[in-house]
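Below: one structure, written as structure tokens.
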Amino acid sequence: SVLHDLVRFHVEEGTDALIICGSTGEAATMSIDEQRIATAVAVDAAARRIPIIVGCGGSDTKQVVRLGVQAANAGADGILLSAPPYNKPPQRGLIAHFRAVVEAADLPAVIYNVPGRSAVNILPETIAALADDDRFVGIKEASGDISQIAEVARLVGGRMTIWSGNDDQTIPVMALGGRGIISVLGNAAPSETSRMAHAWLDGDTETALKLQLRFLPLIRLLFTEPNPIPIKMAVAWLGFDVGDVRLPLVAASAEFRERLVSALNDSGVARSS
64 SVLHDLVRFH
74 VEEGTDALII
84 CGSTGEAATM
94 SIDEQRIATA
104 VAVDAAARRI
114 PIIVGCGGSD
124 TKQVVRLGVQ
134 AANAGADGIL
144 LSAPPYNKPP
154 QRGLIAHFRA
164 VVEAADLPAV
174 IYNVPGRSAV
184 NILPETIAAL
194 ADDDRFVGIK
204 EASGDISQIA
214 EVARLVGGRM
224 TIWSGNDDQT
234 IPVMALGGRG
244 IISVLGNAAP
254 SETSRMAHAW
264 LDGDTETALK
274 LQLRFLPLIR
284 LLFTEPNPIP
294 IKMAVAWLGF
304 DVGDVRLPLV
314 AASAEFRERL
324 VSALNDSGVA
334 RSS
């Protein structure tokens with residue numbers, strides 16, 4: 064399958080772990096059964112060479128619990144838990160939601176703060192409260208608010224791993240103690256995205272910064288249209304038959320594709336042989 068090929072591609076290109084059924088994977092328009100199959104295929108393709116982490120999102124805690132249990136049964140290594148969209152739960156509701164899913168799935172969990180999609184901001188104090196439970200191993204921070212991320216680092220540094228959730232803030236977040244990026248760009252440029260993070264961790268800050276700045280124009284374009292419209296187009300250009308986005312998302316124009324291909328070429332992304 065194409066997913067099988069994509070997982071193998073990422074293993075070979077140096078991706079450290081993969082999120083299956085996240086925003087970029089269009090999980091919001093996948094059935095529970097489709098998510099189960101995608102997880103099983105990814106686990107099989109990875110063959111324990113890299114961790115497979117499964118996105119578990121939704122507005123109904125009972126349904127998200129089912130997704131968490133399903134991920135565990137399919138052999139996933141961890142789960143990524145976003146705040147329930149639309150309901151706008153209070154912070155104590157977020158804590159209860161995340162705990163319910165982790166209790167049922169019994170897998171290491173990464174919390175995902177993405178207020179632009181969920182309409183609720185997971186506050187640093189809430190993340191700190193969850194950090195008391197060692198099953199909550201990390202936080203993907205996509206609030207875009209560096210001051211807030213700094214406060215998260217102050218409160219949970221050493222107890223939870225912090226990852227940037229925005230490609231244009233990989234290095235700023237790593238400067239605060241983050242360990243890398245849960246990336247959209249990495250779908251099209253896995254080896255370079257991985258190299259950027261590893262360079263910073265290895266103390267080669269100059270290389271890391273050069274890569275961050277080199278990819279900024281492409282990153283900007285990848286978010287000109289709602290994710291994953293542009294990145295799906297980019298991965299198809301790489302040579303993978305990933306198909307079209309599902310409604311209510313719609314494909315971008317031919318003119319946008321030209322601009323995207325130009326940006327891919329300019330940033331040095333190589334097409335798959």
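In terms of this note's numbering, the numbers along the sequence shown are unbroken and rise by one, the last being 336. Virtual Cβ for every residue (Gly too), placed ideally from N, Cα, C.
For the beta strand (DSSP E) that residue i lies in, which residues bound it at each end?
i      : result
Glu204 : 199-204
Ala192 : Looking at the DSSP string, Ala192 is not in any beta strand (DSSP E); the run it does join, the alpha helix (DSSP H), is 187-193.
Rounded C-beta distance between residue i and residue j? I'm assuming under 8 Å.
i      : j      : result
Ile245 : Lys203 : 5 Å
Ile174 : Ile158 : The pair is not a contact, with the Cβ atoms about 10 Å apart (cut-off 8 Å).
Ile82  : Thr102 : About 11 Å; that fails the 8 Å criterion.
Ala139 : Ile113 : That belief does not hold up - the Cβ atoms of Ala139 and Ile113 are roughly 12 Å apart, past 8 Å.
Met237 : Gly201 : Actually they do not touch by this definition, with Cβ atoms about 14 Å apart.
Let me confirm a value: residue i is counted as buried when at least 16 other C-beta atoms fall within 10 Å, else exposed. Which label applies?
i      : result
Asp230 : buried
Val104 : buried
Arg217 : exposed
Ser94  : exposed
Arg309 : exposed
Val313 : exposed
Pro280 : exposed
Leu327 : buried
Gly118 : buried
Ala137 : buried
Glu166 : exposed
As a quick exercise: from the options, pick the residue whose alpha carbon is nearest that of residue i.
i      : options                        : result
Leu248 : Val70, Val332, Ile95           : Val332
Ala168 : Arg180, Gly141, Pro153, Ile190 : Gly141
Pro177 : Lys151, Phe199, Val165, Arg334 : According to the sequence shown, residue 177 is Val rather than Pro. Nearest of Lys151, Phe199, Val165, Arg334 to Val177, Cα basis: Lys151.
Ala90  : Leu130, Ala213, Ser64          : Leu130
Gly243 : Glu269, Gly85, Ala251, Thr233  : Thr233
Lys273 : Met259, Asp265, Leu264, Leu284 : Met259
Val164 : Gly179, Leu144, Pro153         : Leu144
Thr78  : Ser254, Val219, Thr189         : Ser254
Can you give me the start and stop residues for the alpha helix (DSSP H) that residue i sits inside?
i      : result
Leu218 : 209-219
Asn328 : 317-329
Val164 : 154-168
Ile181 : Reading off the sequence shown, one finds Ser at residue 181, where the question assumed Ile. Note, Ser181: alpha helix (DSSP H), 178-181.
Leu301 : 292-301
Taking CB distances under 9 Å as the criterion, tell me whether residue i reaches chain D.
i      : result
Asn328 : Protein chains in the displayed structure number just one, and chain D is not present.
Using a Cβ-based criterion (distance less than 8 Å to any ligand heavy atom), does residue i qualify as near the ligand ZN?
i      : result
His160 : Of ligands this structure carries none, so the ligand ZN is not represented either.
Give, in chain order, every unbroken run of the alpha helix (DSSP H) that is at least 4 residues long and sits entirely within the segment 223-286. Positions of the alpha helix (DSSP H) runs, each at least 4 residues long and wholly inside the segment 223-286, are given as 233-238, 253-264, 268-277, 279-285 in order along the chain.
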